[in-house]
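Numbering (the numbering used here), first residue to last: 464 to 1303.
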């Protein structure tokens, strides 16, 4: 018989002996939250009735919200009658008088126990007075299956994590499966971690994540997030938001993500096509949005840093109509200079405005969330630094201050729908309709000139830079829908968690490139309109382009339609052996029209992808696993010849070990992988305005990650990556070589420590280190960019609702080059950022 059958009702809870009276509800809510009441309430009334914990776990999230809303009303009533202790009435995020640990724990804050493990030890807040033992309800008896304690902060989907350690993720399997039971490498960067490190971009959030090169092209004043995953360029292929792909046009038309609008970032390394269809071989990066919560959110933050960095962020939300309607508004405004500066001129500037409202309606077994966002970004664009002979990076910017600019506007609307048919079956749908438009005005150099040696294209003592100007008009419009049916049932010794889904993506993209048609015809590649030469020793900016109108060099429009059907079964056998099986079939149609070259083609592709995995729960928190997975990815954009790219295909074998220690908040993952990808996109070294497709690459390696949050106020992150990647099929000089930019070794670590001394209470320190090994800068593997080692640090002080912090990135101002491929890209200079946050 199903364990959870007969437990759920739309506005109540019943179990073996759990009644539905207000008193029973009060006992259940207090018992589950681990809240101690003053001695005026009989201790017996505080104990959760038998079966209460199981009843709570069986509830859909919509009813958990209803119960929590009722709990809030009960707490308010106790406050008015004086029955509650003062510390009971505080919110979980109020450090002046926090709730007991179990009450402030979320679903992620409770330690999961594998078979044979001891139960969780709650993380106690040192600022909270400890209630008397007689008033503290005992922990519920451990159940035989791995489980987590119920959350206090619950949203309609997902959860808020109060420390660095997430033990569940909805990204890898699209279901609420513990990470230790998932046969794949997954990293979760929580909001708490992002705030502690004061990240301002998604790239910065992933600096300490194994297998990910988060800033492969160094600092980008436009705010692009450049990623490589397991050795593969993932900028255009790994971009997901709330489980739906954010498409791109293969050039400068892709969606930007504002980091302040995120609750967490989830990284799935390796193929994820079975559940996502458009997932790449290297993995996906799912950005999870902030959504309405049952508890009030009231936060405002001011930030100021060097380069005149100024940002104001607001996060405001709560519940209306007795908890049946939840709302949230997230907004931020940014105005900053950047580290790029024209000699004798101003610094490159960047400004951004972002707002994201959302609304959740709860009714019985149904939750419905509508959400949207608007983002406008204005920047002086990216101006590359001049690379001197010998590939030495100079401080001379080759752009034009009055011409260079990059403007982007984007918006999206969407919904999340969830309906529970009963305690075991649920229907869920995610939808997003979005559009972005970007205009990129750029001047770059295409050579140097020495009057004393006019015929030498690579003079040893260049005097002038030869420059060209291009304009790019980019657009993307898309609609993505993902509908899933989730169910649970038992059969003999097996527990099944199944999912049947269908998703659909329609994308329309455009890319128009302006430049000089005559020179493009001469050189055989798109070339910009010439700009007056720039004297290297005495640069005089403000020059005009040669008096010649711009011609259309490329005008590409693409239409993509993709439909996928997928099935997954997560089978737990005798509570220890876990079998994960899934399969998917995709149908894709891609129409490409190139107006200038006259190329028009249609590509129809279909593919089956599968995944199989085994996990064994050994006990003591150990879980070895093995998996095989495939990927299939339609790719937007065209090459320099105007022809569309073929879909990429990939397959991977992965085995590893996960360890979730008993009694403390921690998760450690060791993974070995062997990954092969065909039809790989890389930057075209002959024309960096385009990408090209390489035959095949094989990536093998090892990844190690550990995250630990201790009750003593100590949070630790550590990672190591070894990547052995080679081009295994190619018709070019890179055959058998290592691709550019990808290092063989990377390592990182971060530590945050809250000082426990009484007179320093509220003060904390953080320090982090990052190492990136040497990388090849050319396809022939003849030149290396040197390794670099960076240090980050932070100091903060928190008192009541106030928190002030200072964070330093690249604290010792290490000058390094991220890569030198079709130009040299400087790494991020020292950045010191002060933050003042107030919550009420």
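Glycine residues also receive a C-beta, built at the ideal position from the N, C-alpha and C atoms.
Predicted, not measured: the structure shown is a model, and the values here were computed from it.
Rounded straight-line distance, which links the Cα of residue j to that of residue i
i            : j            : result
residue 1069 : residue 735  : 17 Å
residue 714  : residue 692  : 19 Å
residue 631  : residue 1090 : 19 Å
residue 1036 : residue 645  : 14 Å
residue 1281 : residue 635  : 30 Å
residue 827  : residue 757  : 15 Å
residue 1305 : residue 1056 : An answer regarding residue 1305 cannot be provided, because it is not within the stretch 464 to 1303 covered by the chain.
residue 803  : residue 1292 : 10 Å
residue 965  : residue 1192 : 34 Å
residue 1304 : residue 738  : Only positions 464 to 1303 of the chain appear in the structure, and residue 1304 is not among them; the question remains open.
residue 1165 : residue 1135 : 5 Å
residue 1301 : residue 1227 : 17 Å
residue 657  : residue 959  : 35 Å
residue 456  : residue 1213 : With the chain running from 464 to 1303 in the structure shown, residue 456 is simply not present.
Per-residue burial, residue i [other beta carbons within 10 Å of its own, 16 or more giving buried]
i            : result
residue 755  : buried
residue 809  : exposed
residue 1248 : buried
residue 1196 : exposed
residue 531  : Caution applies to residue 531, whose pLDDT of 47 falls short of 50 and renders its modelled position unreliable; the value that the coordinates give is listed next. With 16 or more other Cβ atoms within 10 Å, it is buried.
residue 1067 : exposed
residue 1194 : exposed
residue 1245 : exposed
residue 719  : buried
residue 764  : buried
residue 1143 : buried
residue 867  : buried
residue 1138 : buried
residue 910  : exposed
residue 442  : Residue 442 cannot be examined here, being either before or after the span of the chain that is shown, 464 to 1303.
residue 729  : buried
Sequence-distant residues of the same chain with beta carbon closer than 6 Å to residue i, five excluded per side
i            : result
residue 723  : 776 and 795
residue 1167 : 1133 and 1183
residue 892  : 880 and 946
residue 1252 : 1234
residue 517  : Model confidence at residue 517 stands at a pLDDT of 47, short of 50, so the residue's coordinates are unreliable and nothing is read from them.
residue 789  : 755, 782 and 823
residue 1332 : Nothing can be reported for residue 1332, as the shown portion of the chain is limited to 464 through 1303.
residue 1299 : 765 and 1267
residue 970  : 710, 941 and 1023
Cβ neighbours of residue i in the same chain (closer than 7 Å, five flanking residues each side left out)
i            : result
residue 913  : 919, 922, 924, 925 and 926
residue 662  : 668 and 722
residue 1287 : 848, 850, 854, 856 and 1280
residue 908  : 849, 861, 928, 929 and 930
Closest Cα partner of residue i within the set the options
i            : options                 : result
residue 1225 : 636, 868, 635 and 1267  : 1267
residue 1210 : 1254, 940 and 1190      : 1254
residue 746  : 936, 1019, 1114 and 799 : 1114
residue 800  : 789, 683 and 788        : 683
residue 1216 : 1256, 1006, 782 and 818 : 1256
residue 842  : 1102, 903, 829 and 886  : 903
residue 1296 : 712, 763 and 770        : 770
residue 888  : 774, 990, 992 and 962   : 962
residue 978  : 1138, 951, 1195 and 936 : 936
residue 1189 : 1162, 838, 906 and 1080 : 1162
residue 1005 : 1043, 1015 and 906      : 906
residue 1052 : 1084, 999, 894 and 1097 : 1097
residue 836  : 877, 823 and 806        : 877
residue 681  : 1024, 1284 and 744      : 1284
residue 894  : 954, 703, 641 and 1155  : 703
residue 654  : 732, 957 and 750        : 750
residue 852  : 819, 999 and 956        : 999
Contacts around residue i, its chain only, beta-carbon distance under 8 Å, and the 5 residues preceding and following it disregarded
i            : result
residue 1077 : 646, 1040, 1041, 1042, 1043, 1088, 1089 and 1090
residue 1064 : 1054, 1055, 1106 and 1107
My parser needs the beta strand (DSSP E) runs of 3 or more residues fully inside the region 854-923; what are they? Runs found: 855-860, 868-883 and 888-912.
Starting from the N-terminal side, write out each stretch of the beta strand (DSSP E) that is 3 residues or longer and does not extend beyond the region 619-704. Runs of the beta strand (DSSP E) inside the region 619-704: 648-653 and 702-704.
Could you tell me which whole alpha helix (DSSP H) segments of length 4 or greater appear in the region 1109-1149? Listed in chain order, there is nothing to give.
Could I get the ranges of all uninterrupted beta strand (DSSP E) runs contained in the region 771-851, with 3 residues as the minimum, in chain order? Whole beta strand (DSSP E) segments, 3+ residues: 772-783, 788-804, 810-826, 829-842 and 848-851.
Within the region 931-982, ranges of the beta strand (DSSP E) (whole runs, at least 3 residues): Runs found: 957-978.
What runs of the alpha helix (DSSP H), each 4 residues or longer, lie entirely inside the region 1194-1266? For the region 1194-1266, not a single whole alpha helix (DSSP H) run of length 4 or above is found.
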